[in-house]
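One structure is given here, and the rest of the page talks about it.
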Amino acid sequence: MIMKNLLIIFLILFGSSQAFSFVILIDPGHGGKELGAVKSYSVKDSKGRQKKITVYEKNLSLRLAKYLQASLLNEFSVYLTRSFDRTVDLDDRASMADTVKADLFISIHFNSANSSEFHGFETYYLDNHKDKAIEKVESIENKDLKGEDKIINQILIDLVVGKTVNSSKKLAGLVHGNIGKNIKSFKRKDRGIKPGLFYVLALSKRPGVLIEAGFMSNPRELSKLNSDSYLKAYAKGIAQGIKEFYKTSPKREIPLF
């Protein structure tokens, strides 16, 4: 009986140490002076009067990131690029991946469009494409880079895509599928898994995904995005996808170059 208990303890400790050596860096988009999308929706107060609720993408992304961190902490080493409202540029976000020796990079964002009709969730992985609609999303998320930086980082993108595309696409599939299952009751449109040229993913030099958890420009959707129940369900879906990825890809493959 004693030997059996010791064996169980050994397996728990050994399994845990292996998992905890797997490092995940979660990147809540925007922060500080970088507000991200800023949108509003209306609710009725206790007296039936209309009340305007203004939501900042930087705050939503941090809330979702913290829920995701909490969902993973009992199994992995998990870090945030920011844990409070502060400005962090793209280079600093990416360099943190080297600092903590991250295995995966998860960038958290919320979508916005000129029309309030757009709705739904989508998951991106780093790869080349020729989709004009995706280029609009890229122009928002990559807006901090100009001129020479864009040329240099295009070279980097080509290098990183070659090293990470298979792992990142696999991760995106697992994460996105589990998100869909977990937010099914919210009846959100599944906009799919898509390739995208996001500099923050390229600069991280790791397998990773960029999450677009819903359209803030759609007032109906925004009211759901701003709820803890939606954010917790979304975080659970991402976490389940990461855990499934780890089960099939537990080996560390960093640094890439």
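All residue numbers for the sequence shown refer to my numbering, where the first residue is 3 and numbers rise by one. The beta-carbon is built from N, C-alpha and C at its ideal position, and this holds for glycine as well. None of the values given here were measured: they were computed from a predicted structure.
Exercise. Residues in its own chain within less than 8 Å of residue 239 by CB, not counting five upstream and five downstream?
Worked result: 177, 180, 181, 182, 183, 184, 185
Problem set entry | Backbone CA spacing between residue 73 and residue 109 [nearest angstrom] | 16 Å
Problem set entry | Which of helix, strand or coil DSSP assigns to residue 230 | helix
For this session: Check the DSSP bridge columns for residue 125 and list the partner residues they point to.
Result: 195, 213
Exercise. Nearest CA to the CA of residue 100: which residue from 25, 47, 236?
Worked result: 25
For this session: Identify every run of the beta strand (DSSP E) within the segment 23-60, keeping only runs that are complete inside it and at least 3 residues long; order them along the chain.
Result: 25-30, 40-46, 52-58
Exercise. Hey, out of 233, 250, 44, whose CA is closest to residue 71's CA?
Worked result: 233
For this session: Would you check if the segment 90-105 and the segment 159-173 touch, i.e. whether three or more CB-CB distances between them fall below 8 Å?
Result: no
Exercise. Roughly how many angstroms separate the alpha carbons of residue 66 and residue 117, rounded to a whole number?
Worked result: 24 Å
For this session: Mark residue 230 as exposed unless 16 or more other C-beta atoms lie within 10 angstroms of its C-beta, in which case mark it buried.
Result: exposed
Exercise. Among 205, 226, 193, which one has its Cα closest to the Cα of residue 160?
Worked result: 205
Problem set entry | Secondary structure of residue 168, DSSP reduced to three states | helix
Exercise. In angstroms, rounded to a whole number, what distance separates the CA positions of residue 129 and residue 213?
Worked result: 15 Å
Problem set entry | residue 211, buried or exposed, once every other Cβ within 10 Å from all chains shown has been counted against 16 | buried
For this session: Find out if the Cβ-Cβ distance for the pair residue 208, residue 82 is shorter than 9 Å.
Result: no
Exercise. Using DSSP with H/G/I as helix, E/B as strand and the rest coil, what is residue 159?
Worked result: helix
For this session: Measure the C-alpha to C-alpha separation of residue 68 and residue 121 and round it to an integer number of angstroms.
Result: 24 Å
Exercise. From residue 36 to residue 242, what distance separates their C-alpha atoms?
Worked result: 30 Å
For this session: Between the Cα of residue 173 and those of 193, 33, 197, spot the shortest distance and give me the residue it belongs to.
Result: 197
Exercise. In chain order, what residues of the same chain lie with their CB nearer than 7 Å to the CB of residue 58, ignoring the 5 residues before and after it?
Worked result: 37, 38, 40
Exercise. What is the DSSP secondary structure of residue 247, reduced to helix, strand or coil?
Worked result: helix
Exercise. Between residue 45 and residue 51, what straight-line distance do the alpha-carbon atoms span, to the nearest angstrom?
Worked result: 8 Å
Exercise. By how many angstroms is the C-alpha of residue 219 removed from the C-alpha of residue 114?
Worked result: 5 Å
For this session: Could you check if residue 11 is buried or exposed, using at least 16 other CB atoms within 10 Å of its CB as the buried criterion?
Result: Note that residue 11 scores a pLDDT of 41, beneath 50, so its modelled location is shaky; the value from the coordinates is reported in the next line. Exposed is the call here.
For this session: Compute the Euclidean distance between the alpha carbons of residue 237 and residue 48, then round it to the nearest angstrom.
Result: 30 Å
For this session: Kindly indicate the opening and closing residues of the alpha helix (DSSP H) around residue 97.
Result: 92-101
Exercise. Expressed to the nearest angstrom, what Euclidean distance is found between the alpha-carbon atoms of residue 170 and residue 127?
Worked result: 6 Å
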